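Just so you know, the sequence shown maps onto residues 1 to 140 in UniProt numbering. Glycine included, every Cβ here is placed at the ideal spot set by N, Cα and C. These figures come from a predicted structure and were not determined experimentally.
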Amino acid sequence: VGVCISFMVSLCLYFWFIVSGLCKVNVKCDEVLATPLAHHAFSASSVFASGYAAGYAKLNRRGGAGGWSPLDNDHYQWLQVDLGGRKQITAIATQGRYSSSDWTTQYRLLYSDTGRNWKPYQQDGNIWVSPPCWEIVPSV
Numbered sequence: 001v002g003v004c005i006s007f008m009v010s011l012c013l014y015f016w017f018i019v020s021g022l023c024k025v026n027v028k029c030d031e032v033l034a035t036p037l038a039h040h041a042f043s044a045s046s047v048f049a050s051g052y053a054a055g056y057a058k059l060n061r062r063g064g065a066g067g068w069s070p071l072d073n074d075h076y077q078w079l080q081v082d083l084g085g086r087k088q089i090t091a092i093a094t095q096g097r098y099s100s101s102d103w104t105t106q107y108r109l110l111y112s113d114t115g116r117n118w119k120p121y122q123q124d125g126n127i128w129v130s131p132p133c134w135e136i137v138p139s140v
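Next up, the structure:
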């Protein structure tokens, strides 16, 4: 089971990923799914250099270069997270690279049970695309 983030606008290269969820009926959804995952649970279309590996794509992490960065700056880069099983995802948070003004500006979400045959997440029958990330007010 995995989640794949495909970047629609890769003006800024760096991305940290967190998925909140693991919901059961009538249970508060506040458990972080991606941050505690092992480095190898993350894969990507490409990597700028070893310090920018997909495994560094976690919130509030300063390891490596402070985030994942693809080799190419185009709309075809993706970050994949293996959640280890089916999960209900209730939130996705992005964050710029540590000690930098670089961040992902927009993304879309795809999912798969097999790691193949990815399906785009849809809302109201349309393929969902994140709102522009610069319009989201960061939490303090």
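Delimiting residues of the beta strand (DSSP E) encompassing residue i
{"i": "TYR111", "result": "106-112"}
{"i": "SER43", "result": "42-44"}
{"i": "THR90", "result": "89-93"}
{"i": "TRP78", "result": "78-82"}
Straight-line gap, residue i to residue j (C-alpha atoms, nearest Å)
{"i": "LEU83", "j": "HIS39", "result": "12 Å"}
{"i": "PRO120", "j": "TYR111", "result": "6 Å"}
{"i": "PRO132", "j": "ARG108", "result": "11 Å"}
{"i": "ASN117", "j": "LEU33", "result": "22 Å"}
{"i": "TYR56", "j": "GLN80", "result": "12 Å"}
{"i": "ARG61", "j": "ARG97", "result": "9 Å"}
{"i": "GLY115", "j": "SER101", "result": "32 Å"}
Cβ-based burial, residue i [other Cβ within 10 Å; buried from 16]
{"i": "TRP103", "result": "buried"}
{"i": "GLY85", "result": "exposed"}
{"i": "GLY64", "result": "buried"}
Rounded distance between the beta-carbons of residue j and residue i, thought under 8 Å
{"i": "ALA93", "j": "LEU37", "result": "In fact, because the Cβ distance is near 15 Å, the residues do not count as touching under 8 Å."}
{"i": "SER130", "j": "GLN95", "result": "Contact flag wrong, Cβ pair sits at about 14 Å."}
Residues near residue i in its chain [Cβ-Cβ closer than 8 Å; skip 5 each side]
{"i": "VAL47", "result": "ALA53, ALA54, TRP68, SER69, PRO70, LEU71"}
Nonlocal neighbours in the same chain, by C-beta distance under 7 Å from residue i, ignoring five residues either side
{"i": "SER99", "result": "GLY66"}
6 Å CB neighbourhood of residue i in its chain, flanking five on each side removed
{"i": "ILE127", "result": "PRO120"}
{"i": "PHE42", "result": "ALA54, GLY55, ALA57, VAL81"}
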